Amino acid sequence: MFTIFNIVRLSVYSAVIAWTLIVLGLAAFFEHLIISNDLTRFVPLAIFVATATLIIIPVLIMFGFFKRVLPISQVRSELSFVGLLGILWFSLGVYTASSEEADIECDFDDDGVFEESEEYTSGTYQAQYRVLQAFSLFNAILLLGFFIFLAILALREHFQDRRVVWASGVTSYPWFGVSPAGVSAKASPSSSPLPAPATAPYVFSKPLGQKDQKTEAGTPMRAGGQYIIYIPPPPPRTRAL
Numbered sequence: 070m071f072t073i074f075n076i077v078r079l080s081v082y083s084a085v086i087a088w089t090l091i092v093l094g095l096a097a098f099f100e101h102l103i104i105s106n107d108l109t110r111f112v113p114l115a116i117f118v119a120t121a122t123l124i125i126i127p128v129l130i131m132f133g134f135f136k137r138v139l140p141i142s143q144v145r146s147e148l149s150f151v152g153l154l155g156i157l158w159f160s161l162g163v164y165t166a167s168s169e170e171a172d173i174e175c176d177f178d179d180d181g182v183f184e185e186s187e188e189y190t191s192g193t194y195q196a197q198y199r200v201l202q203a204f205s206l207f208n209a210i211l212l213l214g215f216f217i218f219l220a221i222l223a224l225r226e227h228f229q230d231r232r233v234v235w236a237s238g239v240t241s242y243p244w245f246g247v248s249p250a251g252v253s254a255k256a257s258p259s260s261s262p263l264p265a266p267a268t269a270p271y272v273f274s275k276p277l278g279q280k281d282q283k284t285e286a287g288t289p290m291r292a293g294g295q296y297i298i299y300i301p302p303p304p305p306r307t308r309a310l
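Numbered per my numbering, the sequence shown spans residues 70 to 310.
Given below as structure tokens:
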């Protein structure tokens with residue numbers, strides 16, 4: 070069952086993967102075409118960040134479909150991975166935004182003389198460079214935004230004495246009251262310190278000389294009648310230290 074939270078999560082991750090593929094393609098193209106120098110230090114960083122994202126995000130999506138809660142699918146693990154990727158993409162975006170623009174020149178005859186190329190001009194390179202920069206910042210905004218959103222939800226549950234949230238599955242936890250399995254967070258056993266009150270059938274018998282007992286509605290209880298009697302839960306046991 071897909072909840073609103075799971076749909077939002079999957080949409081964010083799908084957009085991140087799509088934009089990461091574009092960044093990785095551009096970075097690999099720059100690595101193949103351009104000679105490495107001080108102006109192309111962003112290329113290895115872009116390849117590293119994109120590769121790490123294409124490994125971590127699909128793994129988070131895949132393990133999110135498992136019913137069994139594994140360490141990698143817990144809330145604390147996902148917050149760590151998403152926060153790390155968000156910082157990496159933000160660093161890449163800031164680095165490319167603060168770098169100076171470069172011109173592209175080609176050595177056609179391998180004689181050490183670089184000239185302006187008509188096939189791949191400086192304008193083409195700068196346009197592709199700005200695309201890489203924009204998608205890096207888009208990924209940073211999506212990942213850091215989802216990180217803040219998930220952290221707020223987890224802290225809300227933590228301060229409501231449901232601290233088991235940190236070790237729970239991201240996709241199976243009832244973030245907005247009802248989980249994908251239809252279980253309410255308020256009705257979960259971990260949120261109640263005492264067992265639920267129990268009721269049991271009771272056959273009433275009137276001893277000799279005892280006055281008539283009445284129900285809550287005011288009707289007299291008849292001997293031999295069956296009634297539902299409320300059995301309160303036992304008080305919590307305390308110990309003096």
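From the three backbone atoms N, C-alpha and C, an ideal C-beta is built for every residue, glycine too.
Values in this document were obtained by computation on a predicted structure and should not be read as measured data.
As a quick exercise: from Q195, I141, L154 and F132, pick the residue whose alpha carbon is nearest that of F207.
Translated into positions along the sequence shown, residue 207 becomes position 138. If we check each option's Cα against that of F207, L154 comes out closest.
Taking DSSP as the reference, what is the three-state secondary structure of G214?
The residue you call residue 214 lines up with position 145 of the sequence shown. Three-state DSSP puts G214 in a helix.
Measure the beta-carbon distance from V200 to L95 and round it to whole angstroms, keeping in mind my assumption that it falls under 8 Å.
Taking the first residue of the sequence shown as 1, we reach residue 200 at position 131. Taking the first residue of the sequence shown as 1, we reach residue 95 at position 26. So it is a contact: roughly 7 Å between Cβ atoms.
Taking the C-alpha atoms as reference points, what is the distance between P258 and R231?
Numbered from 1 along the sequence shown, position 189 holds the residue referred to as residue 258. Numbered from 1 along the sequence shown, position 162 holds the residue referred to as residue 231. Residue confidence is low: P258 scores 42 on pLDDT, short of 50, so the model does not pin down where it sits. No coordinate-derived value is stated.
Exposed or buried, which one is I126 when buried takes at least 16 other CB atoms within 10 Å?
In the sequence shown, residue 126 corresponds to position 57, counting from 1. It counts as buried.
How is Q229 classed by DSSP in three states: helix, strand or coil?
Counting from one through the sequence shown, the residue named residue 229 turns up at place 160. In the structure shown, Q229 sits in coil (DSSP, three-state: anything other than H, G, I, E or B).
CA-CA distance, L222 and R137?
Within the sequence shown, residue 222 is the residue found at index 153, counting from 1. Within the sequence shown, residue 137 is the residue found at index 68, counting from 1. Their Cα atoms are separated by approximately 21 Å.
So is V128 buried or exposed if we call it buried at 16+ other beta carbons inside 10 Å?
Locating residue 128 in the sequence shown gives position 59, where the first residue counts as 1. Exposed: under 16 other Cβ atoms inside 10 Å.
Compute the distance between the beta-carbons of I86 and L139, then report whether it is under 8 Å.
Sequence index remark: in the sequence shown, residue 86 carries index 17 (1-based). Sequence index remark: in the sequence shown, residue 139 carries index 70 (1-based). The answer is no: Cβ separation not under 8 Å.
Just to confirm the assignment, what range does the alpha helix (DSSP H) spanning T240 have?
The count along the sequence shown starts at 1 and reaches residue 240 at position 171. Unbroken run through T240: none, as it is neither H nor E.
Kindly confirm or deny that the stretch 233–244 and the stretch 71–82 touch, where touching means at least three C-beta pairs closer than 8 Å.
Touching, yes, given that three or more Cβ pairs across the two stretches are closer than 8 Å.
Along the chain, where does the alpha helix (DSSP H) that runs through I104 open and close?
Translated into positions along the sequence shown, residue 104 becomes position 35. Note, I104: premise wrong, no alpha helix (DSSP H); not H, not E.
Is the separation between the beta-carbon of V92 and that of A119 shorter than 8 Å?
Position 23 of the sequence shown, counted from the first residue, corresponds to residue 92. Position 50 of the sequence shown, counted from the first residue, corresponds to residue 119. In contact: V92 and A119 (Cβ atoms closer than 8 Å).
Buried or exposed, going by whether 16 or more other CB atoms sit within 10 Å of the CB of Y212?
Translated into the one-based positions of the sequence shown, residue 212 becomes position 143. It is worth fixing the name first, because residue 212 is Leu in this sequence and not Tyr. When all chains shown are included, L212 counts as buried.
Nearest-angstrom Cα distance between I116 and T109?
In the sequence shown, the residue the question calls residue 116 occupies position 47. In the sequence shown, the residue the question calls residue 109 occupies position 40. Looking at the two C-alpha atoms, the distance is approximately 12 Å.
Buried or exposed, going by whether 16 or more other CB atoms sit within 10 Å of the CB of F111?
The sequence position of residue 111 within the sequence shown is 42, counting from 1. Buried is the call here.
Since F216 and G133 are thought to touch, with beta carbons under 8 Å apart, how far apart are those beta carbons, to the nearest angstrom?
Residue 216 sits at position 147 when you count from the first residue of the sequence shown. Residue 133 sits at position 64 when you count from the first residue of the sequence shown. Contact flag wrong, Cβ pair sits at about 16 Å.
So F218 and W88 are supposed to be a Cβ contact under 8 Å. How far apart are they, rounded?
Against the sequence shown, residue 218 aligns to sequence position 149. Against the sequence shown, residue 88 aligns to sequence position 19. Actually they are not in contact, since the Cβ atoms of F218 and W88 sit about 19 Å apart, beyond 8 Å.
Report the CB separation of L161 from L114 in whole angstroms; it is logged as a contact under 8 Å.
Translated into the one-based positions of the sequence shown, residue 161 becomes position 92. Translated into the one-based positions of the sequence shown, residue 114 becomes position 45. Right, the Cβ-Cβ distance comes to about 6 Å (below 8 Å), so this counts as a contact.
Look at the alpha carbon of I156 and the alpha carbon of P303, and state the distance between them as a whole number of angstroms.
Translated into the one-based positions of the sequence shown, residue 156 becomes position 87. Translated into the one-based positions of the sequence shown, residue 303 becomes position 234. Whole-angstrom Cα-Cα distance: 51 Å.
Could you tell me whether any non-hydrogen atom of the ligand FMN is closer than 7 Å to the CB of L212?
No copy of the ligand FMN occurs in the structure displayed, which carries no ligand at all.
On the criterion of 16 or more Cβ atoms from any shown chain inside 10 Å, does N105 qualify as buried, or is it exposed?
As a position in the sequence shown, residue 105 is number 36, starting the count at 1. Asn is not the amino acid found at residue 105; the sequence shown has Ser there. Exposed, by the Cβ-count rule.
CB-CB under 6 Å to W244, same chain, minus the five flanking residues each way: which ones, in chain order?
Position 175 of the sequence shown, counted from the start, is the residue given in the question as residue 244. F74 and L222.
Tell me, which residues are paired with Q143 by DSSP?
The residue labelled residue 143 in the question sits at position 74 within the sequence shown. Answer is G238, bridged to Q143.
Evaluate F135 with the Cβ neighbour count: other Cβ atoms within 10 Å of its Cβ, from every protein chain shown; 16 or more gives buried, anything less gives exposed.
Taking the sequence shown and counting its residues from 1, one reaches residue 135 at position 66. When all chains shown are included, F135 counts as exposed.
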